[in-house]
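Trainee: Here it is, the structure, as structure tokens.
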Amino acid sequence: MPSHKPSPAQREFAKRLRNNLTDCERLIWRRLRNRQLSGYKFRRQHPFPPYVLDFYCAELRLVVELDGGQHYGDVGLEKDRLRTDYLERKGLRVLRFSNVDVLQNLEGVLAEIVCWIEARAPHPNPLPNGERGLD
């Protein structure tokens with residue numbers, strides 16, 4: 003079973019990926035970074051052995067993966083299925099989007115991520131016990 007601590011080689015590989023983002027990764031990263039999306043911190047090209055995750059929010063255990071054309075052949079689809087199954091067994095939730103989605107409908111992609119967050123995450127500023135909003 004792989005260790006959850008990345009090896010020096012994995013850390014170096016992730017660093018190279020961070021320094022060479024695809025256009026789609028760069029586009030969505032501009033909107034995920036610095037807690038811009040619902041106040042949650044995302045990391046890019048985060049090592050999670052044996053994989054490197056495109057974008058990861060540790061607080062939510064949420065993975066956002068962007069899939070280019072190579073992901074849609076039989077081999078790519080099977081690799082993605084195995085990867086998603088592995089990550090979900092480790093308690094992570096994986097949201098996948100195609101590069102085309104990001105390029106043509108970035109706001110829709112971000113809205114889907116926010117919808118997932120709002121449906122599952124605790125409110126960042128909950129009301130104190132016993133207090134309710136106005137009815």
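Sequential numbering from 3 applies to the sequence shown in our numbering.
All C-beta atoms in this analysis are idealised placements derived from N, C-alpha and C, irrespective of residue type, glycine included.
Taking 7 Å as the limit between beta carbons, can you name the residues of its chain near Trp-31, skipping five residues before and five after?
Mentor: Locating residue 31 in the sequence shown gives position 29, where the first residue counts as 1. Excluding sequence neighbours, Trp-31 sits near Leu-23 and Arg-46.
Trainee: Thinking C-alpha only, which one of Phe-15, Thr-86, Lys-7 and Arg-33 is nearest Gly-110?
Mentor: Along the sequence shown, one-based indexing puts residue 110 at 108. The candidate whose alpha carbon is nearest that of Gly-110 is Arg-33.
Trainee: With DSSP as the reference, please indicate the residues paired to Pro-49 in a beta bridge.
Mentor: Locating residue 49 in the sequence shown gives position 47, where the first residue counts as 1. Val-54, per the DSSP bridge assignment.
Trainee: Where does Phe-15 sit, in a helix, a strand or coil, going by DSSP?
Mentor: For the purposes of this step, residue 15 is taken as residue 13 along the sequence shown, with counting starting at 1. Residue state, collapsed to three classes: helix.
Trainee: Note down the Cα distance separating Ser-9 from Gly-93, rounded to an integer number of angstroms.
Mentor: In the sequence shown, residue 9 corresponds to position 7, counting from 1. In the sequence shown, residue 93 corresponds to position 91, counting from 1. Each residue's Cα considered, the two are about 21 Å apart.
Trainee: Under the rule that 16 or more other beta-carbon atoms within 10 Å means buried, what is Ala-113, buried or exposed?
Mentor: Working through the sequence shown from its first residue, we reach residue 113 at position 111. Ala-113 comes out exposed.
Trainee: Could you tell me the distance, in whole angstroms, from the CA atom of His-73 to the CA atom of Val-66?
Mentor: Along the sequence shown, one-based indexing puts residue 73 at 71. Along the sequence shown, one-based indexing puts residue 66 at 64. Reliability of the predicted coordinates at His-73 is poor, the pLDDT of 48 falling under 50, and the value obtained from them is presented with this limitation in mind. Each residue's alpha carbon lies about 15 Å from the other.
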